[in-house]
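Report on the following structure.
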Amino acid sequence: MADLIFYTNPQSRGQTVRWMLEEIGAPYDTEILDYATTMKTEPYLSVNPMGKVPAIKHKGKVVTEVAAICCYLADAFPEANLAPPTDDRADYYRWIFFASGPIEAAFSNRAAGWEPTPERQRMIGYGNFDLAIGTLEKALTGRNYIAADHFTAADLFVGSMVNFMLAFNLLDPNPVFVDYARRMTDRDPYRRAQEIDSRLVAEAQAQQPQPA
6 MADLIFYTNP QSRGQTVRWM LEEIGAPYDT EILDYATTMK TEPYLSVNPM GKVPAIKHKG
66 KVVTEVAAIC CYLADAFPEA NLAPPTDDRA DYYRWIFFAS GPIEAAFSNR AAGWEPTPER
126 QRMIGYGNFD LAIGTLEKAL TGRNYIAADH FTAADLFVGS MVNFMLAFNL LDPNPVFVDY
186 ARRMTDRDPY RRAQEIDSRL VAEAQAQQPQ PA
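Each residue of the sequence shown is one higher than the one before, starting from 6 at the first, in this note's numbering.
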């Protein structure tokens with residue numbers, strides 16, 4: 006068994022962590038969990054009591070939450086060069102956690118059909134959808150990468166989120182976002198990750214009972 010175990014479902018945010026794992030290139034074992042059964046019972050609840058994926062276990066230590074997993078793996082496997090030097094990580098941390106906080110909340114609420122009223126926007130961490138998305142657009146405009154002079158885990162995380170929002174029509178396909186998502190996903194590790202998860206989805210669908 007590898008020192009690194011990846012708990013996921015191929016139709017989940019685990020796709021982002023799969024991409025990160027393919028970027029670092031270290032051997033890992035995968036445990037596929039089902040939303041209705043194995044994800045909600047032991048032994049997985051001892052890994053993540055929330056009963057959700059993804060999660061990793063590295064040398065016996067558990068990490069959950071996609072942004073935290075990406076940051077952890079970048080640090081645990083520095084040879085992959087997926088984090089800037091420690092004294093130059095302001096943008097790196099800023100934009101990873103901006104995407105995992107305000108952007109995630111903004112598009113999740115919009116997808117659920119809820120928008121904060123003007124009176125409530127001061128209570129909401131992201132204010133409103135347009136403010137959060139506009140801030141991200143400014144951060145990406147004129148940059149090749151969001152946090153360094155090369156691809157980092159920040160680009161992987163932000164790029165995966167932008168790519169997801171574009172795919173599900175949660176984001177206007179303006180050139181800044183489209184170009185950034187295209188460039189960040191034009192990588193062999195991304196393609197390998199997509200191939201693995203697509204194969205797992207196809208295998209799961211083939212095992213489902215067919216209607217009579």
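Glycine residues also receive a C-beta, built at the ideal position from the N, C-alpha and C atoms.
- When secondary structure is reduced to three states using DSSP, K45 falls in the helix class.
- A straight line joining the alpha-carbon of L175 with that of D92 spans about 35 Å.
- Taking the Cα of P194 as reference, the smallest distance to any Cα among A41, L161 and Y49 is reached at L161.
- Counting only the Cα atoms, D202 lies some 7 Å from Q20.
- By the CB criterion at 7 Å, V181 and E142 fall inside the cutoff.
- In the same chain as K62, and ignoring 5 residues on each side of it, the C-beta atoms closer than 6 Å to its own belong to I10, in chain order.
- Judged by DSSP in its simplified three-state form, V58 adopts coil rather than helix or strand.
- Distance from the CA atom of T69 to the CA atom of P89, rounded to whole angstroms, is 22 Å.
- Excluding the 5 residues flanking it on each side, Q16 has same chain C-beta neighbours closer than 7 Å at V206, in chain order.
- Take the alpha-carbon of T46 and the one of N114: they are about 28 Å apart.
- S51 and T43 have their C-alpha atoms roughly 12 Å apart.
- Inclusion of V22 and I74 in the CB contact set at 7 Å is warranted, their separation being smaller than that value.
- Taking C-alpha positions only, A85 is separated from M170 by approximately 27 Å.
- Judged by pairs of C-beta atoms under 8 Å, the segment 151-161 does not touch the segment 122-137, as fewer than three such pairs exist.
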